[in-house]
């Protein structure tokens with residue numbers, strides 16, 4: 001990637017952000033400071049763990065051997081997932097919309113002596129070449145903050161034939177039951193909003209815009225953009241709640257899926 | 269003359285079908301064996317009966333519906349009434365058929381395990397004013413907001 005990504009700095013290109021991406025950049029610029037502590041914590045972890053539920057990748061085996069694989073993390077935030085992958089021998093590139101988050105990522109790289117390219121761009125329009133990655137990954141990144149048709153199309157473009165896509169999102173059951181109040185309270189059992197038509201969400205609690213699809217719409221989006229669906233892993237980790245996010249209790253997450261991971265492969 | 273629409277029928281369980289391997293282009297079911305049979309036995313049977321490239325399509329109740337049934341199964345509620353994880357066999361009602369369903373991710377895992385490519389999951393939304401003799405007006409209203417039935421479409425690789 002050396003020829004493509006300038007060393008030691010963001011790759012800056014003229015941009016034409018979608019309206020929600022412009023809003024999300026602003027929202028995340030304000031949020032970034034409050035994610036420094038979790039960046040410290042996550043960079044210090046020695047093991048790849050999925051989601052708030054903290055499920056070890058070694059238990060799920062979703063990614064297989066990533067050694068020597070070219071990986072793009074779409075919506076990397078502070079890039080701790082890329083850091084974990086780098087330690088497993090992969091060659092990650094982190095892409096994020098928010099300069100302030102990448103600043104934290106850069107500070108963590110310096111602190112841990114672990115360098116990899118960081119690209120300041122929207123995952124809906126990535127300034128990287130076609131067919132240049134073996135794995136595209138997103139954990140609460142592009143997977144929830146970008147328009148699914150736009151970022152899945154970009155993932156398909158960036159991947160080599162046979163390349164893998166893995167992304168973690170909030171559970172669909174959680175999206176149906178989470179109240180829209182400020183401050184956040186854990187989801188309950190009542191269905192608070194319709195499933196049909198779910199896609200673009202705006203919330204009382206933040207200025208950002210996020211995207212969530214139902215099961216059939218994810219399958220349609222993935223297949224439309226040339227992916228074959230390989231797995232939907234619904235995370236469950238007894239005793240683990242949502243901590244500071246306060247989105248779900250451990251009891252709720254024992255019965256219903258609070259987080260789910262889609263895995264797909266670009267058709268060769 | 270034999271009418272063109274005659275077809276053979278077999279008295280058997282979808283879990284154990286007395287027909288040869290790779291003998292069909294389509295295996296389908298509409299609220300039938302894929303509801304009342306155990307998917308850990310019916311999905312492999314569908315895979316066995318299909319020729320390579322064959323289509324497997326079936327409609328059934330959604331896992332979400334199964335999580336929202338009232339205790340007596342008479343209504344679908346606007347809340348989660350029972351757990352999703354571990355969903356498999358529903359046999360709590362006396363004198364009623366046993367039903368089966370699985371979490372969405374487990375259906376996908378099972379299809380893949382038996383050599384299916386997943387082509388679509390169509391979540392059926394009744395049009396405004398739709399009527400059915402199977403469900404109450406309240407339930408049809410529920411089904412306008414949340415998927416009550418769905419169609420899986422898979423292709424035998």
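Chains as they are written, first to last, in my numbering: chain R, 1 to 268; chain L, 269 to 425.
We treat Cβ as the ideally placed atom computed from N, Cα and C, and that holds for glycine.
Sorting R:237, R:153, R:85 by C-alpha distance to the C-alpha of residue 139 of chain R places R:85 at the top. DSSP places residue 92 of chain R inside the beta strand (DSSP E), whose first and last residues are 91-96. Note that the stretch 316-323 of chain L does not touch the stretch 355-368 of chain L; fewer than 3 beta-carbon pairs, one per stretch, sit closer than 8 angstroms. Annotation note: the stretch 153-186 of chain R contains the following uninterrupted beta strand (DSSP E) runs of length 3 or greater, listed N- to C-terminal: 159-170.
Your pair residue 163 of chain R and residue 266 of chain R checks out as a contact, with CB atoms roughly 5 angstroms apart and the cut at 8 angstroms. Nearest to residue 259 of chain R by alpha-carbon distance, out of R:20, R:268, R:237, is R:237. With 16 or more other Cβ atoms inside 10 Å of its own Cβ, residue 369 of chain L counts as buried. The Cβ of residue 190 of chain R sits closer than 8 angstroms to at least one Cβ of chain L. For residue 414 of chain L, the residues of chain R that pass the 8 angstroms Cβ criterion are 176, 191, 194, 195, 196, in the order they occur in the chain. Here residue 24 of chain R is buried: its Cβ has 16 or more other Cβ atoms, across all protein chains shown, within 10 Å. Residue 50 of chain R does not reach chain L, its nearest Cβ partner there being about 13 angstroms away, counting only Cβ pairs nearer than 8 angstroms. The Cβ atoms of residue 249 of chain R and residue 152 of chain R lie no closer than 8 angstroms to each other. Look at residue 372 of chain L: its C-beta is under 8 angstroms from a C-beta on chain R. For residue 271 of chain L, no beta strand (DSSP E) encloses it, and the DSSP letter there is neither H nor E. In the structure shown, the three-state DSSP call for residue 129 of chain R is coil.
Taking every protein chain shown into account, the CB of residue 272 of chain L has fewer than 16 other CB atoms within 10 angstroms, so this residue is exposed. With a 10 Å radius around the Cβ and a threshold of 16 neighbouring Cβ atoms, residue 341 of chain L comes out exposed. The DSSP assignment places complete alpha helix (DSSP H) segments of no fewer than 4 residues inside the stretch 297-322 of chain L at 301-304, 307-317, in order along the chain. Residues of chain R with a Cβ closer than 7 angstroms to the Cβ of residue 346 of chain L are, in chain order, 190, 191. The three-state secondary structure of residue 34 of chain R, taken from DSSP, is helix.
Near chain L, meaning a CB-to-CB distance below 7 angstroms, the residues of the stretch 209-239 of chain R are 214, 215, 216, 219, 220, 223, 228, 229, 230, 231, 232, 233, 234, 236. The C-beta separation of residue 192 of chain R from residue 177 of chain R comes to about 6 angstroms, placing the pair in contact by the 8 angstroms criterion.
The bridge partners DSSP lists for residue 70 of chain R are R:91. Between the beta-carbon of residue 199 of chain R and that of residue 213 of chain R there is about 6 angstroms, and that keeps the pair under the 8 angstroms contact cut. When C-alpha distances from residue 119 of chain R are compared across R:113, R:136, R:137, R:96, the shortest belongs to R:96. For the stretch 150-174 of chain R, the set of positions with a beta-carbon nearer than 7 angstroms to some beta-carbon of chain L reads 173 in chain order. Taking all protein chains shown into account, residue 147 of chain R has 16 or more neighbouring C-beta atoms within 10 Å of its C-beta and is therefore buried. Annotation: Cβ neighbours of residue 260 of chain R in chain L (cutoff 9 angstroms, chain order): 372, 373. The alpha carbon of residue 150 of chain R has as its nearest neighbour, out of R:168, R:123, R:202, the alpha carbon of R:123.
The Cβ-Cβ distance between residue 168 of chain R and residue 187 of chain R does not fall below 8 angstroms. Pairing residue 27 of chain R with residue 392 of chain L, the inter-Cα distance amounts to about 36 angstroms. Using beta-carbon distances, residue 353 of chain L counts as an interface residue toward chain R, with a partner under 8 angstroms. Our two residues, residue 37 of chain R and residue 297 of chain L, have alpha carbons roughly 53 angstroms apart in a direct line.
Interface criterion met: the Cβ of residue 257 of chain R is under 8 angstroms from a Cβ in chain L.
Residue 388 of chain L reaches chain R at 216, 219, 220, 223, counting residues in chain order whose Cβ is nearer than 9 angstroms.
The alpha-carbon of residue 245 of chain R is positioned some 9 angstroms away from that of residue 185 of chain R.
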